[in-house]
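Each step along the sequence shown adds one to the number in the working numbering, with nothing skipped, and position 55 is 69.
Think of the CB as a built atom: it goes at the ideal place given N, C-alpha and C, for glycine as much as any other residue.
Notes follow the structure.
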Amino acid sequence: MLLNLKLSLRFLVNKSSGSFSSFASWLAIGGLAIGIAALMLTASIVQGFEEVISQKLENLDGQGRVQHVLSYPINIKDNSIDSIIHEYPKNISGFIRGACMLRYGSMAEGVLIEGIENSTNLNNGEIIIGKGLISLLKIDIGDMVYLQSFSSNDSTTRFPIIKSFKVIDTFYSGLKEYDNTIAYVTIQDSRKLFNIKENFVSGFIINNMNDTSVLRKLKYPYYFETWKEKHSLLFEWISFQRWPAYIMFGLIALVGLVNLVAALTMIIVEKTYQIGILLSQGMTKNNLVIVFLMQGGFIGLIGGVVGGFISILVLIIQLEYGLFKIPSDIYFMDKIPFSFDFIIFGLLLLLSFFLSVLASYIPVRSILKFQPSTALRYE
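Below, the structure written as structure tokens:
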């Protein structure tokens with residue numbers, strides 16, 4: 015086996031001048047490196063995109079929400095709701111949500127106002143507005159805005175409820191659905207805006223839950239929905255885009271394998287005389303097959319390692335400097351996201367090695383038909 019290894023490395027690193035087979039070997043390594051790097055970067059981008067979107071949506075919507083099917087206020091003393099509160103005492107927060115008209119100067123825009131229980135970032139009379147809405151209405155931090163609500167659970171209330179708020183901060187998620195339409199106030203202010211009685215809320219936000227079996231058993235008129243279920247179409251789109259991207263960049267790696275087959279074919283033709291000498295000195299054909307299969311494996315392994323190094327280098331540069339920008343109004347973020355996954359990178363390296371060995375068998379099997387006397391005539 016040691017002899018096979020030495021011969022394989024010697025054939026790979028051919029120092030003789032004018033050897034095109036050696037150049038072809040390094041060309042095959044380069045092709046595989048580019049293909050593997052493209053696959054690794056594609057996997058990193060797809061996974062990074064999904065992770066960034068998931069994190070943003072979970073931060074905005076919570077891990078899951080319990081609401082009324084008709085969006086009516088929920089009585090927290092209802093038996094069904096009371097059991098949930100006792101099941102998740104530390105992970106549940108009530109929220110009150112409704113539509114308002116936000117006015118600033120002569121401009122007005124419809125917004126969704128949300129007040130979340132136990133929120134420590136706000137005091138009564140303060141509001142946090144999305145960056146898109148801030149830009150649209152040309153609001154500055156510290157300005158006073160007015161919220162006008164027509165929502166009321168009291169049918170006798172005919173006049174709008176108007177309250178003034180001080181803008182203390184803004185948030186940016188990259189999701190226009192949130193940045194242009196949502197603002198946050200305290201739950202006490204939202205209760206007054208929408209005239210919702212004590213012990214009633216619009217729903218519950220639940221985080222850090224390991225078991226959702228109790229929530230799934232909720233009966234009409236209540237329902238439980240995770241952030242991923244709420245945005246299921248978006249994640250279906252991400253899943254749909256994943257495989258075409260893998261296939262497209264996988265074709266680049268396939269070109270590298272074709273180069274590998276061509277390189278080994280040229281090496282075998284170039285080394286026909288040496289193969290004849292080895293056969294005449296007693297080396298078996300099976301051992302020679304192993305030599306060239308090992309050479310194909312080396313090409314695949316080196317190409318995979320170089321490709322992995324290239325992809326990690328690009329990943330580090332992007333994470334550090336964010337060179338590759340994308341339009342945030344389309345992709346929900348302003349730069350291409352990357353996520354490093356040891357498992358995916360390791361699997362691609364192993365795949366590169368095994369496919370290279372398998373592809374190598376196509377030209378190498380011709381050695382089984384070699385005759386020493388015929389091979390020696392090439393010199």
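For this session: With a threshold of 16 other CB atoms inside 10 Å of the CB of K383, please say whether the residue is buried or exposed.
Result: exposed
Exercise. If you scan the region 218–251 from start to end, which runs of the alpha helix (DSSP H) of 4 or more residues do you find wholly inside it?
Worked result: 227–230 and 241–244
Exercise. Per DSSP, what kind of secondary structure is I358 in: helix, strand or coil?
Worked result: helix
Exercise. Whose CA, out of A51, L17 and S22, lies closest to the CA of F323?
Worked result: A51
Exercise. Thinking C-alpha only, which one of V272, R111 and S178 is nearest G44?
Worked result: V272
Exercise. Roughly how many whole angstroms lie between the Cα atoms of G417 and L53?
Worked result: Nothing can be reported for residue 417: it is not among the residues displayed for the chain, which extend from 15 to 393.
Exercise. What are the partner residues of K177, as DSSP defines its beta bridges?
Worked result: L161.
Exercise. The beta strand (DSSP E) spanning D385 covers which residue range?
Worked result: The sequence as given places Gln at residue 385; Asp does not occur at that position. Q385 -> no beta strand (DSSP E), and no H or E assigned at all.
Exercise. What is the residue span of the alpha helix (DSSP H) that I289 lies within?
Worked result: T286 to S294
For this session: Closer than 7 Å by C-beta to S31: which residues in its own chain qualify, once you throw out the five before and the five after it? Chain order, please.
Result: Residue confidence is low: S31 scores 49 on pLDDT, short of 50, so the model does not pin down where it sits. Its coordinate-derived value is still stated next. Within the same chain, S31 has no close Cβ partners at all.
For this session: Evaluate K339 with the Cβ neighbour count: other Cβ atoms within 10 Å of its Cβ, from every protein chain shown; 16 or more gives buried, anything less gives exposed.
Result: exposed
Problem set entry | Identity of the residue in G49, L150, I282 and N224 nearest P4 by Cα | Missing from the structure shown is residue 4; the chain here goes from 15 to 393 and no further.
Exercise. Just how far apart, CA to CA, sit I67 and G360?
Worked result: 25 Å
For this session: Measure the alpha-carbon distance for P351 versus E239 and round it to whole angstroms.
Result: Using only the alpha carbons, I get a separation of about 27 Å.
Problem set entry | Distance between G310 and N105 (C-alpha atoms, nearest Å) | 55 Å
Exercise. Once you ignore the five residues that flank Y237 on each side, which residues in its own chain have a CB closer than 7 Å to its CB?
Worked result: Q81 and V83
Problem set entry | Delimiting residues of the alpha helix (DSSP H) encompassing I95 | Start and end: N93 to E101.
Exercise. Can you check whether the CB of I313 is closer than 9 Å to the CB of A276?
Worked result: Contact check for A276 against I313 fails: the beta carbons are separated by 9 Å or more.
For this session: Can you give me the Cβ contacts of L315 inside the same chain, cut-off strictly under 6 Å, excluding the 5 residues immediately before and after it?
Result: F367
Problem set entry | G144 beta carbon less than 9 Å from that of D193 | yes
Exercise. To which residues of the same chain is E72 closer than 7 Å at the C-beta, ignoring the five residues directly before and after it?
Worked result: Closer than 7 Å at the Cβ level, and outside the excluded window around E72, lie W241.
Problem set entry | As assigned by DSSP and simplified to three states, the class of N89 | strand
For this session: Just tell me which of M280, I110 and D183 has its CA closest to the CA of I155.
Result: The residue among M280, I110 and D183 with its C-alpha nearest the C-alpha of I155 is D183.
Problem set entry | the region 200–210 contacting the region 107–121, beta-carbon criterion three pairs below 8 Å | Contact check between the region 200–210 and the region 107–121: three or more CB pairs, one atom from each, fall below 8 Å, which counts as touching.
For this session: Locate the alpha helix (DSSP H) running through M308, then write down its first and last residues.
Result: Under the DSSP assignment, M308 falls in the alpha helix (DSSP H) whose first and last residues are K299 to Y335.
For this session: Drop a sphere of 10 angstroms on the beta-carbon of E128, count the other beta-carbons inside from all chains shown, and report buried for 16 or more, exposed for fewer.
Result: buried
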